[in-house]
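S.K.:
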Ligand code: NAP
């Protein structure tokens, strides 16, 4: 049997094993995906163990995505741009590091019907690790302008300087009301949304969003932001789709096979419902 797993924090409650194992089973592959809880000092040894011939590869999650990069023999351009490796592929003992988050974001945006960013402005709320992947994805979708706003304004400015070629611009929270109406895509990449009552922008600011905009929340649940946006008739996407699409891309990299995206989506939806029911 071939092995895959998630190298992450010991307290990780990841949905990845559920969706990856559903995909292996669906395609009748003799492989399994496990949680590999790892503390930072053990990351190097854990990644070295992926060279074994029975290992397909691994996912790496917060907080080890940066530590994983120097442990790989080759690192993709996308992973370098994002500054993090979330997928490692074992290629006959050589380890290739990649990052599928930007792809997962792009695939979800396209699935929601927004295919061409060339004339469009996107507004990203947040400037952490997820925002970096989102910006790289928006650049690959050729968005004309990418506006960044963050609680700690300096971090948004640094990120814009680092990733921008003039198309990425940091804006202040104070001028957010001007940026909302001109944005075709609004992305919540802050940590706000996991609990009821948390919103990265106020309900009044949701009223300023353009009628034809898509509101994308990276949180994998229906957040208050998405509920407000829906009640105004705006199109919305939650983070579950991005989670599934990035996982599907990792699956294809390990197996060389097309991932059964619908099977994977249904598996995580069922697991989420199960967890919600047992709370
Ligand atoms: P991170 O690196 O810790 O960044 C967190 C961001 O949220 C920072 O910009 C931070 O601003 C902002 N923030 C935190 N608390 C805030 C508050 N009270 N008010 C305003 N802003 C606040 O985290 P991350 O890895 O980027 O993850 C961000 C979110 O994306 C999480 O909810 C995560 O679960 C989700 N995510 C989803 C996917 C997916 O596949 N769907 C993938 C990756 C991440 P400061 O800089 O001011 O601290």
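In this note's numbering, the protein residues as written are 33 to 311. Just so you know, even glycine gets a beta-carbon here, dropped at the ideal spot from N, CA and C. Computed from a predicted structure; not experimentally measured.
So, under 8 Å CB-CB, residue 155 and residue 218 are touching, yes? Tell me the CB distance rounded to an integer number of Å.
M.R.: For the purposes of this step, residue 155 is taken as the residue at position 123 of the chain shown. For the purposes of this step, residue 218 is taken as the residue at position 186 of the chain shown. With 8 Å as the limit, residue 155 and residue 218 qualify as a contact, their Cβ atoms being about 5 Å apart.
S.K.: Are the beta-carbon atoms belonging to residue 120 and residue 92 less than 9 Å from one another?
M.R.: Here residue 120 is taken as the residue at index 88 of the chain shown, counted from 1. Here residue 92 is taken as the residue at index 60 of the chain shown, counted from 1. Yes; because the gap between Cβ atoms is below 9 Å, this pair is in contact.
S.K.: Can you tell me whether DSSP reads residue 290 as helix, strand or coil?
M.R.: In the chain shown, residue 290 corresponds to position 258, counting from 1. Looking at residue 290 - three-state DSSP - the assignment turns out to be coil, as it is neither helix nor strand.
S.K.: If I measure Cβ to Cβ from residue 51 and keep anything under 6 Å in the same chain, skipping five residues before and after, which residues do I get?
M.R.: Along the chain shown, one-based indexing puts residue 51 at 19. Within the same chain, residue 51 has close Cβ partners 279, 296, 299 and 300.
S.K.: List the residues that DSSP assigns as beta-bridge partners of residue 34.
M.R.: Stepping through the chain shown from its first residue, residue 34 is reached at position 2. Paired residue(s): 63.
S.K.: Would you decide whether residue 145 is buried or exposed? Buried here means 16 or more other CB atoms lie within 10 Å of its CB.
M.R.: Position 113 of the chain shown, counted from the start, is the residue given in the question as residue 145. That one is exposed.
S.K.: Where does the unbroken beta strand (DSSP E) through residue 164 begin, and where does it stop?
M.R.: Working through the chain shown from its first residue, we reach residue 164 at position 132. Not the beta strand (DSSP E): residue 164 falls in the alpha helix (DSSP H), residues 161-172.
S.K.: Over the uninterrupted alpha helix (DSSP H) stretch that includes residue 248, give me the two end residues.
M.R.: The residue labelled residue 248 in the question sits at position 216 within the chain shown. Residue 248 -> not in any alpha helix (DSSP H); beta strand (DSSP E) instead, spanning 246-249.
S.K.: Less than 8 Å separating the Cβ of residue 135 from some heavy atom of ligand 1?
M.R.: In the chain shown, residue 135 corresponds to position 103, counting from 1. No, ligand 1 has no heavy atom inside 8 Å of this Cβ.
S.K.: Of the residues 184, 222 and 127, which one's Cα is nearest the Cα of residue 206?
M.R.: On the chain shown, residue 206 is found 174 positions in, with the first residue counted as 1. For residue 206, the nearest C-alpha among the options comes from 184.
S.K.: Who pairs with residue 123 in a beta bridge, going by DSSP?
M.R.: Start at 1 with the first residue of the chain shown, and residue 123 comes out as number 91. Beta-bridge pairing links residue 123 to 126.
S.K.: Are the CB atoms of residue 152 and residue 250 within a distance shorter than 9 Å?
M.R.: By 1-based counting over the chain shown, the position of residue 250 is 218. By 1-based counting over the chain shown, the position of residue 152 is 120. No; because the gap between Cβ atoms is not below 9 Å, this pair is not in contact.
S.K.: Residues in its own chain within less than 6 Å of residue 149 by CB, not counting five upstream and five downstream?
M.R.: Position 117 of the chain shown holds residue 149. Cβ neighbours of residue 149 beyond the five flanking positions: 173, 174 and 175.
S.K.: Please say whether residue 122 and residue 87 have beta carbons closer to each other than 9 Å?
M.R.: For this step, residue 87 is matched to residue 55 along the chain shown. For this step, residue 122 is matched to residue 90 along the chain shown. In contact: residue 87 and residue 122 (Cβ atoms closer than 9 Å).
S.K.: Kindly indicate which three-state DSSP category residue 177 falls into: helix, strand or coil?
M.R.: Taking the first residue of the chain shown as position 1, residue 177 is located at position 145. Residue state, collapsed to three classes: strand.
S.K.: Would you mind working out which of 110, 56, 41 and 142 sits nearest residue 129, comparing C-alpha positions?
M.R.: For the purposes of this step, residue 129 is taken as the residue at position 97 of the chain shown. Closest by alpha carbon: 110.
S.K.: With DSSP run on the structure shown, which of helix, strand or coil describes residue 73?
M.R.: As a first step, residue 73 must be located in the chain shown, where it is residue number 41. The answer is helix: DSSP assigns residue 73 an H, G or I state.
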